[in-house]
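Given below as structure tokens:
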């Protein structure tokens with residue numbers, strides 16, 4: 001046999017059974033399963049925020065008994081007299097965890113030391129714009145239409161503004177198709193030069209400024225990653241399209257919240273997004289989904305307890321020492337490379353000096369002070385809203401300040417490269 005990969009991995013590939021709750025498997029997934037179980041052990045007995053949030057998710061009876069009523073606070077935001085007011089409401093929903101058709105993240109500006117908001121296209125219920133454009137995806141789009149119809153059936157008809165789920169779906173998908181027409185394709189979105197477009201807040205279209213005001217974003221310099229999409233979106237957010245946008249937002253609220261609504265809603269949403277799009281034939285156990293929710297909202301709170309149990313400070317010190325040796329080995333190697341010019345060597349050493357190893361856990365833990373949860377299933381969606389707003393405000397508070405190079409963007413229990 002000349003195929004080393006097949007020789008080493010062939011038996012496993014031929015016999016291993018991928019778990020039904022995911023479409024792929026491998027060593028990383030085993031490590032993640034182990035970490036997931038460790039986190040479960042922590043939060044099942046935790047009396048703080050993490051444990052309280054987990055218990056509200058695991059209160060299935062309470063979640064089911066509350067029905068669709070917890071959605072009312074979101075759906076009530078859709079009442080607006082015109083597109084300008086509605087755009088602000090879209091921003092408010094973004095802050096509460098329902099993605100707007102234009103969203104953002106905050107990170108260091110490529111042209112300064114300060115943190116800045118990066119605007120990015122959004123607004124689709126399918127993975128990317130190609131699904132709405134390319135004939136090869138027609139079967140998926142047809143299934144998506146059926147899925148939206150089924151999901152809208154969970155709502156009080158009043159929430160569909162007097163329309164049937166079928167008619168509402170046609171208008172929703174039609175608007176998404178128009179939104180997708182302005183999206184950049186996946187190749188363009190990865191172009192670091194094309195997507196770096198600093199702009200002033202005041203230079204944005206008025207309806208876009210309104211949306212961003214709704215999120216709480218300060219009126220400061222920002223980076224528009226897909227500027228033509230921003231103009232395209234503004235051309236769609238008009239008074240004569242208000243009813244279509246209200247239907248669109250109704251669907252995206254429902255889609256975003258499905259995992260914290262009654263079980264039948266989550267199961268129906270999984271049929272499309274989990275099975276048809278991702279290949280899993282069975283939804284993950286509820287406790288696993290609860291762990292994921294907790295980690296996504298208060299992950300560092302869990303991480304602080306996790307390292308106390310599984311990663312002492314001595315282990316961190318040992319790993320930092322090891323990495324220090326590796327950095328010095330790099331320095332010697334770069335210094336002695338005969339083919340490097342002096343200029344290239346200087347740049348390489350400068351880059352090496354900027355390297356910062358983040359091992360195990362942060363030196364300063366993120367504070368969640370002021371964020372409180374209820375353990376009742378009926379309050380689960382309120383918990384999610386509160387956490388989403390808290391996390392959004394945390395990000396917004398960075399803007400215009402020097403970027404914190406010591407900040408951790410993953411948790412200690414996260415399995416990653």
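In UniProt numbering, the protein residues as written are 1 to 417.
Idealized CB from N, CA, C, for every residue including glycine.
**Contact set for residue 337: own chain, Cβ-Cβ below 8 Å, skip 5 residues either direction** = Within the same chain, and ignoring the five residues on either side of residue 337 in sequence, the residues whose Cβ sits closer than 8 Å to its Cβ are 345.
**Prompt:** residue 392: buried (16+ other C-beta within 10 angstroms of its C-beta) or exposed?
**Reply:** Result: buried.
**Message:** I'd like the list of long-range same chain contacts for residue 343, defined as Cβ closer than 7 Å, with 5 residues on each side in sequence excluded.
**Reply:** Answer for residue 343: no residue qualifies.
**Asked** By Cβ distance below 8 Å, which residues in the same chain neighbour residue 176 in space, the five residues on each side in sequence not counted?
**Response** Setting aside the 5 residues that flank it on each side, residue 176 is surrounded in the same chain by 123, 124, 125, 126, 132, 248, each with a C-beta closer than 8 Å to its C-beta; the list follows chain order.
**Asked** Per DSSP, which one or two residues make a beta bridge with residue 105?
**Response** The partner list for residue 105 (beta bridge, DSSP) reads 118.
**Prompt:** What residue from 383, 355, 104 has the CA that sits closest to residue 298's CA?
**Reply:** Ranked by Cα distance from residue 298, the first of 383, 355, 104 is 383.
**Request:** Report the residue from 135, 70, 221, 232 whose alpha carbon sits nearest the alpha carbon of residue 401.
**Result:** Of the candidates 135, 70, 221, 232, the one whose C-alpha sits nearest the C-alpha of residue 401 is 221.
**Identity of the residue in 228, 256, 352 nearest residue 332 by Cα** = Comparing C-alpha distances from residue 332 to each of 228, 256, 352 shows the shortest one belongs to 352.
**Asked** Hey, would you say residue 154 sits closer than 9 Å to residue 93, going by beta carbons?
**Response** In this structure, residue 93 does not lie closer than 9 Å to residue 154 by Cβ.
**Short Cβ contact (9 Å threshold) for residue 152 with residue 168** = A contact, by the Cβ cut-off of 9 Å.
**Prompt:** So, helix, strand or coil for residue 126, using DSSP?
**Reply:** The answer is coil: DSSP assigns residue 126 none of H, G, I, E or B.
**Message:** For residue 395, which residues in the same chain have their Cβ closer than 7 Å to its Cβ, ignoring the five residues on either side in sequence?
**Reply:** The answer, listed in chain order, is 106.
**Message:** My assumption, with CB atoms under 8 Å, is that residue 198 sits in contact with residue 111. Please give the rounded CB distance.
**Reply:** Going by Cβ atoms, the distance from residue 198 to residue 111 rounds to 7 Å, so yes, they are a contact pair.
**Request:** Using only alpha-carbon positions, find the residue among 324, 271, 312 that is nearest to residue 144.
**Result:** Out of 324, 271, 312, 271 has the C-alpha closest to the C-alpha of residue 144.
**Prompt:** Comparing alpha-carbon positions, which option in 361, 412, 403 lies nearest residue 108?
**Reply:** Nearest Cα to residue 108 within the set 361, 412, 403: 403.
**Prompt:** Any idea which residues DSSP pairs residue 399 with across the strands?
**Reply:** DSSP, once it has assigned bridges, lists 115 as partnering residue 399.
**Item:** Beta carbon of residue 361 nearer than 9 Å to that of residue 409
**Value:** Between residue 361 and residue 409, the CB-CB gap reaches or exceeds 9 Å.
**Item:** C-beta atoms of residue 258 and residue 21 nearer than 9 Å
**Value:** No, the Cβ-Cβ distance between residue 258 and residue 21 is not below 9 Å.
**Item:** Top-ranked residue by Cα proximity to residue 232, from 191, 211, 178, 266
**Value:** Out of 191, 211, 178, 266, 178 has the C-alpha closest to the C-alpha of residue 232.
**Beta-carbon contacts of residue 242 that lie in its chain and below 8 Å, excluding the five residues immediately before and after** = Excluding residues up to 5 positions away in sequence, 80, 82, 83, 86 lie with their Cβ nearer than 8 Å to the Cβ of residue 242 in the same chain.
**Prompt:** Among the residues of its own chain, which have a CB less than 6 Å from the CB of residue 306, if the five just before and after it don't count?
**Reply:** Closer than 6 Å at the Cβ level, and outside the excluded window around residue 306, lie 412, 413.
**Request:** List the endpoints of the continuous alpha helix (DSSP H) containing residue 323.
**Result:** In this chain, the alpha helix (DSSP H) harbouring residue 323 covers 313-336.
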